[in-house]
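First up is the structure itself, then whatever we jot down about it.
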Amino acid sequence: MPFKICDFAPSDLSATVQLLESLRLQPDSAPVDIADFIANMNGGATAVVALAGGNVVGVASARVAGDRAWTQVVAISPQWRKQGVGSALARRLEERLLHQGVRKISALLTAGQVGEQALRNRGFVANPSMMLYEKFLSLEPSDIRTIDKWGGQILDADLWSKAAGMEREKALIDGRIVAPLSDPTLAERIGLRPPATVMMFGPPGTGKTTFARAVAGRLGWPFVELLPSKLSSTDGTLANELREALAELGQLDHVVIFIDEFDEIAPARESRPASVGVVNQLLKSIPDLRQRPGKLLICATNFVGAIDPAVMRPGRFDLLVGIGPPDTAALTALWERAIGSMQLGPGVSALELAGQCSGFTPGDIDLAAQRAAADAFARARGGAGGKAGLAAVVTREDLASAVQRTKASITPAMQNAFQTEVANFERV
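Everything in the sequence shown is counted per my numbering, starting at 313 for the first residue and increasing by one.
Printed below as a string of structure tokens:
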């Protein structure tokens, strides 16, 4: 049964108190003054809870004083420990505190107490003499206001693992983008300029957005996606919106700015004369952004050949990276993840499934896997005239049928066109 993390609601108080009461006799759970906890919650303390099946299985709370917060409670039901609940609670609590202007979070724990490993996972540093856990948050309140204005997020490093397989792309992005930006001192000593602008191109659904988000998570930088559809529709105002967004975001110490469907913003001017104002603004804004260290602009497109050539020249985009269809290794990894939580019948092989899925994107595989699970679910419940109570397993036949019913998003023609684009455009 999965858990989810939610902001504490008044209706959670009774269940949270029951959880704290149940933990009083646990040797690794410090006793909590429940009356004090209730008083603090009534007094405006910040708290988040972990819910599973409608039950509270974890809670974390903190009191805020100015730009500092003290963690009061980190409590997790014994059967839910070592499953990532503590780290997830700490992550959500940090997000809440950031938006309240907190710069420093402290937590006083005894060695081995529940929550200690979660704090370590979140980057807290212990004072060995006192076991005082502290973490300085990297963003000023003014930074948070800018990030919120443009719909930004603080992402986690574990997004990298969601790009299952894709080893060529991951090695390229890690070596040419993440590593130089993570270690600018070494890069400067060697003479390598960390990239400031990157274009990712390739067929739709291949993971360009996932990679952009994963880069931000690996770097620990805020991620802001500028959606063309959310900017003004008139070219003159769109140019102004882009100028304002890039100028304001450029004032942050660190940020990853992502623009998808870049061909819609900066098409070749001769093919769409109305775009001249936007393209000209980009030609001014991109060089300015490139001069500011700690900024990374990632753009993505399905149609790299449609973008105005002036925008694509070296000196404006440092790297042009092709993100292609998943190969067999990537498809196998995607299938392993898709069926990893299923009850499977005999003979199911992720490698065999991968061999049947040329041209499938991660979304296609997820769709096929869920179709197979839906068939098994209906069969177990006796749907479509069947007999209820049959084994609730996803069979090899379920998966093969689902794959046959799922159309590959990337056709052979699209794959051939992508290889041509890599030869003509990729610059790494």
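Beta carbons are placed, not taken as given, at the ideal position from N, Cα and C, and that holds for glycine.
- Indicate the three-state DSSP secondary structure (helix, strand or coil) for F689 in the structure shown. helix
- Consult DSSP for V588 and reduce its assignment to one of helix, strand or coil. helix
- Those residues which DSSP pairs with I417 across a bridge: A381 and K447
- Message: With distance defined between alpha-carbon atoms, name the residue in G427, A491 and K474 nearest to G606.
- Response: A491
- Query: Hey, quick one: how far does the beta strand (DSSP E) through L632 stretch, first residue to last?
  - Reply: L631 to G634
- Message: Buried or exposed, going by whether 16 or more other CB atoms sit within 10 Å of the CB of S545?
- Response: For S545, the predicted structure reports a pLDDT of 48, less than 50, and the residue's modelled location is therefore unreliable. A value from the coordinates is still provided. So S545 ends up on the exposed side.
- Query: First and last residue of the beta strand (DSSP E) that includes L608?
  - Reply: K607 to T613
- Query: Looking at C-beta atoms only, is the number of pairs between the stretch 638-648 and the stretch 661-674 that lie closer than 8 Å three or more?
  - Reply: yes
- Query: Just curious, the beta strand (DSSP E) that D460 is in, first and last residue?
  - Reply: No beta strand (DSSP E) contains D460, which is instead part of the alpha helix (DSSP H) from P453 to K461.
- Message: Measuring straight from C-alpha to C-alpha, what distance separates R625 and T732?
- Response: 18 Å
- Task: Tell me, please, which residues DSSP counts as bridged to D319.
- Result: V360
- Below 8 Å on the Cβ atoms is my guess for F730 versus L632; work out the distance and round it to an integer in Å. About 13 Å; that fails the 8 Å criterion.
- Task: Name the two residues that bound the continuous beta strand (DSSP E) containing M511.
- Result: T509 to F513
- Item | Segment contact flag, the stretch 560-572 with the stretch 470-490, C-beta cutoff 8 Å, min 3 pairs | no
- Query: Expressed to the nearest angstrom, what Euclidean distance is found between the alpha-carbon atoms of A381 and G413?
  - Reply: 10 Å
- DSSP state of A725 mapped onto helix, strand, coil: helix
- Query: Can you round the beta-carbon distance between F448 and K416 to whole angstroms, since I take them to be within the 8 Å contact cut?
  - Reply: 5 Å
- Pair every Cβ in the stretch 397-409 with every Cβ in the stretch 354-374, then say whether three or more of these pairs are closer than 8 Å. yes
- Item | Contacting residues, own chain, Cβ-Cβ under 6 Å from T458 (five flanking each side not counted) | E560
- Task: Write down the C-beta distance between F737 and V590 rounded to the nearest angstrom, noting that I regard them as a contact closer than 8 Å.
- Result: With a Cβ gap of about 21 Å, F737 and V590 do not count as contacting.
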